[in-house]
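Step one of this worksheet: look at the structure below.
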Amino acid sequence: MLKKIKVEDAVGTHLAHDITEIRPGEFKGPAFRKGHEVCNEDICRLQKLGKHHLYLIDLDEDEIHENQAASILANSLAGEGIVWEDNSKEGKIGLHAGCDGLLTIDAAALAAFNMVDEVMCATLHSHTLVKKGELVAATRAIPLVMKRAPVERAAAIAAQNGGVLSVNALRRARAGLVITGSEVFHGLIEDKFAPTLTEKITGFGSEVTGVRFAPDDETVIAKAIEDHLTSGCDLLLVSGGMSVDPDDVTRKAIRIAGAGEVHYGAAALPGAMFLVADIGGVPLLGVPACGLHHRITVLDLVLPRILAGENIGKKELAFIGHGGLCKDCPECTYPHCPFGKGM
């Protein structure tokens, strides 16, 4: 229960909540903290902040203060790899990455959480690469005092699947590359795929342990894949031969090498002819020719998710479609752009 009193009558009482001060372009934050004992010297400053009345709080059993509510909400939202400190300010708590890795948001659970009255949570986009300590979300109990029921309902929604947001560290993969194309294999043109893919893989902290070249022959391509597996590679990237030309036999070779379910086609441009498969638990990515001609493609969206331990299938490739159109800007600013942000 809230009781309103005049500022002049508040001397000797303790503030029930933080008092916010805003200096445009300079500062926004608490001028006085919850629990501060009001003294005569504070009256003028409080009035300058537009505070002519203050609240005294006497909570009923079914009520909760904003700071306590925020702590409950933060605890329920935080999944694996998320840390937070129980130091709410003005009813807000920030959630931070506990490690370097890939941020994942359960968007449906987040929406359900935010449908509960008087609570909120805002996050970065799902599948954002983040650094340890980086702010990835914030939650707030909106009123100063609220009923416990909506807090408990929102917390239950968030906690159902172990939290709404998580950060998973990227594993250090041992990648094997298979570069296909008779024109490259026979030395008619210089290969540009291997250095391009190597740069992307090492950029995520993994290593390329071998590069094999193969002509447009499904048997030879399959053998190159098998040789990488035998040598201990735990990630495979096969480039080229993904279109409908008669010489494009890479998909057939991947099946010969032992892939079970093969997901061909992604709802992204560039990268529509992208392929994802699995051979004995080792993920295999088929990279179409767009990987040579565009700095950023669907590979840049999928590879970090694979390294974070996510299983990518038809559903995931379909969901990329929302935000999957690269604008091919004259000056690329990825990842600070819309590409891949709708997933």
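In numbering that gives the first Met the number 0, the protein residues as written are 0 to 342.
Note that beta-carbon positions come from the ideal geometry of N, C-alpha and C, so glycine has one too.
By the neighbour-count criterion, in which 16 or more other beta carbons inside 10 Å mark a residue as buried, residue 321 falls on the exposed side. Counting C-beta atoms within 10 angstroms of its own C-beta, residue 81 has 16 or more neighbours from the protein chains shown and is therefore classed as buried.
Contiguous alpha helix (DSSP H) elements confined to the segment 42-102 occur at 65-76, taking only those with 4 or more residues. When the five nearest sequence neighbours on each side are left out, the beta carbons in the same chain lying within less than 8 angstroms of the beta carbon of residue 331 are those of 294 and 295, in order along the chain.
Leaving aside the five residues that flank residue 312 on each side, the residues in its chain whose CB is nearer than 8 angstroms to its CB run, in chain order, 260, 262 and 275. The criterion of a C-beta distance shorter than 9 angstroms is satisfied by residue 300 and residue 319. When the Cα atoms are used, residue 152 and residue 57 turn out to be separated by approximately 23 angstroms. Where residue 291 is concerned, there is no enclosing beta strand (DSSP E), although the alpha helix (DSSP H) around it starts and stops at 289-292. Closest by C-alpha distance to residue 121, out of 234, 95 and 101, is 95. Counted as a single uninterrupted DSSP element, the stretch harbouring residue 131 is not any beta strand (DSSP E), since DSSP gives it neither H nor E.
Between residue 247 and residue 241, the C-beta spacing is below 9 angstroms.
Of the candidates 250, 218 and 197, 197 places its Cα closest to the Cα of residue 208. Taking the Cα of residue 211 as reference, the smallest distance to any Cα among 236, 201 and 199 is reached at 236. Rounded to whole angstroms, the gap between the alpha carbons of residue 132 and residue 169 is 16 angstroms.
Within the segment 149-221, the alpha helix (DSSP H) runs of at least 4 residues that lie entirely inside it are, in chain order, 181-184 and 192-202. Looking at the DSSP output, residue 29 shares a beta bridge with 19.
For residue 267, the closest alpha carbon among the candidates 250, 325, 223 and 310 is that of 325. In the same chain as residue 187, and ignoring 5 residues on each side of it, no C-beta atom comes closer than 6 angstroms to its own. Between residue 18 and residue 31, the gap from beta carbon to beta carbon is short of 9 angstroms.
Rounded to whole angstroms, residue 117 and residue 87 show a C-alpha spacing of 16 angstroms. A distance below 9 angstroms separates the beta carbons of residue 287 and residue 271. Taken atom to atom, the span from the alpha-carbon of residue 72 to that of residue 221 is near 51 angstroms. Annotation for residue 338: 325 place their beta carbon closer than 6 angstroms to its own, counting only its chain and skipping 5 residues before and after.
Taking the C-beta atoms as reference points, residue 223 is found no nearer than 9 angstroms to residue 183. DSSP places residue 137 in the strand class (E or B) of the three-state scheme. Between the segment 100-110 and the segment 153-172, the count of Cβ pairs shorter than 8 angstroms is three or higher; the stretches touch. For the set 149, 257 and 203, the Cα lying nearest the Cα of residue 227 is the one of 257.
By alpha-carbon distance to residue 110, the top candidate from 281, 163, 46 and 129 is 163. Here residue 69 has 87, 90, 91, 92, 138, 139 and 140 as same chain residues with Cβ atoms under 7 angstroms from its own Cβ, once five neighbours each way along the sequence are excluded. Counting only residues of its own chain and dropping the five nearest sequence neighbours on each side, residue 173 has a CB closer than 8 angstroms to the CB of 205, 206, 208, 231, 232, 233 and 234. In the three-state reduction of the DSSP assignment, residue 12 falls in the coil class.
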